[in-house]
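As structure tokens, the structure follows; a few thoughts come after it.
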Amino acid sequence: MASVRRARRSDRLLDQQLPGVAAGLARSVHAGATLLVAIEDLGKLAAAPSGDDLATLASAVRRGSSLDAALGHWQRSRADTSVEVLVAACRFGHVEGGDLAAALDGAAVSLLDRIEVADEARALSSQARSSAAVLVALPLLGAAGFSVLDPAVAATLFTTAAGWFCLLVGLGLDALGAWVLSRMVRSALR
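Quick note: the sequence shown uses our numbering, first residue 3, plus one each step.
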């Protein structure tokens with residue numbers, strides 16, 4: 003369980019670092035470095051996990067693997083769409099002969115946009131969760147408030163069969179509403 007949490011944390015951290023990695027690679031390529039030299043240099047400077055991944059990538063190439071094969075191995079080992087975007091940009095420029103620096107710049111912008119959209123979705127879902135909590139709590143607070151203000155309401159709710167029926171139906175509908183709202187918020191974050 004702890005290793006799964008560490009892996010998820012590492013994946014989230016890598017996603018946060020990849021726009022900077024793509025931008026750093028683009029800067030090096032703009033300055034005249036080859037992709038491999040840019041990867042080696044950034045692998046020494048970048049923090050974990052991206053620095054470790056880049057160092058492993060460069061090491062695989064130094065041991066005789068092609069850069070394309072090493073990129074493919076990294077993409078498969080991470081199984082992350084952000085890594086796929088960066089690998090596609092590297093392959094476009096390195097293997098296909100496209101404008102590598104422009105591809106890396108585009109990947110950096112795209113990856114940064116993804117992070118911003120995900121952050122905004124989290125913020126909006128937080129607002130939706132707060133609204134859902136208010137909607138779920140409001141009937142309970144209303145029933146409690148009316149019971150305090152008018153003891154006859156409390157007597158009707160808690161001493162008659164009709165009161166208990168209304169209370170149980172209300173609690174059931176409230177629970178159903180809470181479940182539906184939580185499913186809506188969860189599905190919006192996917």
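Glycine residues also receive a C-beta, built at the ideal position from the N, C-alpha and C atoms.
Once DSSP output is grouped into helix, strand and coil, what is the label at residue i?
i, result
"aspartate 152", "coil"
"aspartate 17", "helix"
"arginine 10", "helix"
"valine 111", "helix"
"valine 63", "helix"
"serine 68", "coil"
"glycine 34", "coil"
"threonine 162", "coil"
Below 8 Å on the Cβ atoms is my contact criterion, and I expect residue i with residue j to pass it. Report the Cβ-Cβ distance as a whole number of Å.
i, j, result
"valine 87", "leucine 113", "6 Å"
"glycine 74", "alanine 60", "In fact, because the Cβ distance is near 15 Å, the residues do not count as touching under 8 Å."
"leucine 106", "valine 31", "6 Å"
"alanine 130", "valine 187", "5 Å"
"leucine 16", "serine 52", "6 Å"
"serine 149", "leucine 142", "Contact flag wrong, Cβ pair sits at about 11 Å."
"glycine 55", "valine 97", "The residue you asked about is not glycine; residue 55 is aspartate in the sequence shown. Between valine 97 and aspartate 55 the Cβ distance is about 19 Å, and since that is not below 8 Å, they are no contact."
Taking the Cβ atom as the reference point for each residue, do residue i and residue j lie within a distance shorter than 8 Å?
i, j, result
"valine 63", "tryptophan 76", "no"
"glycine 95", "leucine 20", "no"
"alanine 103", "alanine 190", "no"
"alanine 110", "alanine 24", "yes"
"alanine 180", "valine 138", "yes"
"serine 184", "alanine 135", "no"
Just curious, the alpha helix (DSSP H) that residue i is in, first and last residue?
i, result
"alanine 233", "The structure shown does not extend to residue 233, since the chain is modelled only from 3 to 192, so the question has no answer here."
"alanine 50", "No alpha helix (DSSP H) holds alanine 50; DSSP gives it neither H nor E."
| Where are the alpha helix (DSSP H) runs, 4 residues long or more, that stay fully inside the segment 73 to 146, in chain order? | Runs of alpha helix (DSSP H) with 4 or more residues, each lying fully within the segment 73 to 146, are found at 83 to 96, listed in chain order.
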